[in-house]
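Everything below concerns the one structure shown next.
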């Protein structure tokens, strides 16, 4: 079994209920949820003229290969009614595969670790809550250190 970290986000409808529903669906689909961060209110990233988000991160155990896990996440988004109207736009649910064990992986469909996670407060804040000491496989720094670097840069 592998350990993966999944980012969850929503900024449409009942945002917290959307995250809870996604977690339930992931359980039904066979993922073993080991831990879930608190839900955090965050500002939009990229396209800022949209409602604020609720974000969280879940740690799961899975026997699915990385691309199969990605497909499960994308299928879950579709089943929940996600429509992609614009890049970084509004969404009722967003599920991103952040980390899969300590794998560094590149394909047409998937890059691991998530290629921009180190720049995203809305990812690092909840991830740090459940995996502060986890080492980023590329940057060789803990999640807590990456978060501190990001927040220190904002001061």
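Residue numbers (the numbering used here): 6 to 160.
By construction, the Cβ of each residue, glycine as well, lies at the ideal position given by its N, Cα and C atoms.
Keep in mind that this is a model prediction, so the values were computed, not measured.
Extent of the continuous beta strand (DSSP E) run through residue i
i          : result
residue 47 : 45-47
Beta-bridge partners of residue i, as assigned by DSSP
i           : result
residue 65  : 9, 38
residue 58  : 47
residue 1   : Given a span of 6 to 160 for the chain in the structure shown, any question on residue 1 remains unanswerable.
residue 116 : 111
residue 147 : 140
Assigned secondary structure, residue i (DSSP; H/G/I helix, E/B strand, else coil)
i           : result
residue 109 : coil
residue 33  : helix
residue 70  : coil
residue 25  : helix
residue 95  : coil
residue 165 : Because residue 165 is not part of the residues shown, which for the chain are 6 to 160, the question remains open.
residue 53  : coil
Same chain only: Cβ atoms within 8 Å of residue i, ignoring 5 sequence neighbours per side
i           : result
residue 99  : 12, 13, 14, 15, 82, 87
residue 119 : 12, 101, 102, 103, 104, 128
residue 124 : 155
residue 77  : 31, 34, 36, 69
residue 146 : 140, 154
residue 41  : 28, 61, 62, 63, 64, 135
residue 72  : 112, 114, 115
residue 55  : 16, 49, 94, 95
Residues near residue i by beta carbon distance below 6 Å, same chain, minus five either side
i           : result
residue 6   : 66, 68
residue 122 : 103, 128
residue 107 : 142
residue 20  : 59
Endpoints, alpha helix (DSSP H) assigned at residue i
i           : result
residue 17  : No alpha helix (DSSP H) holds residue 17; DSSP gives it neither H nor E.
residue 135 : 126-136
residue 121 : No alpha helix (DSSP H) contains residue 121, which DSSP labels as neither H nor E.
Close beta carbons around residue i, own chain, < 7 Å, minus the five adjacent residues each side
i           : result
residue 1   : Since the first residue of the chain shown is 6 and the last is 160, residue 1 is not available in this structure.
residue 130 : 45, 152
residue 48  : 57
residue 137 : 147, 148, 149
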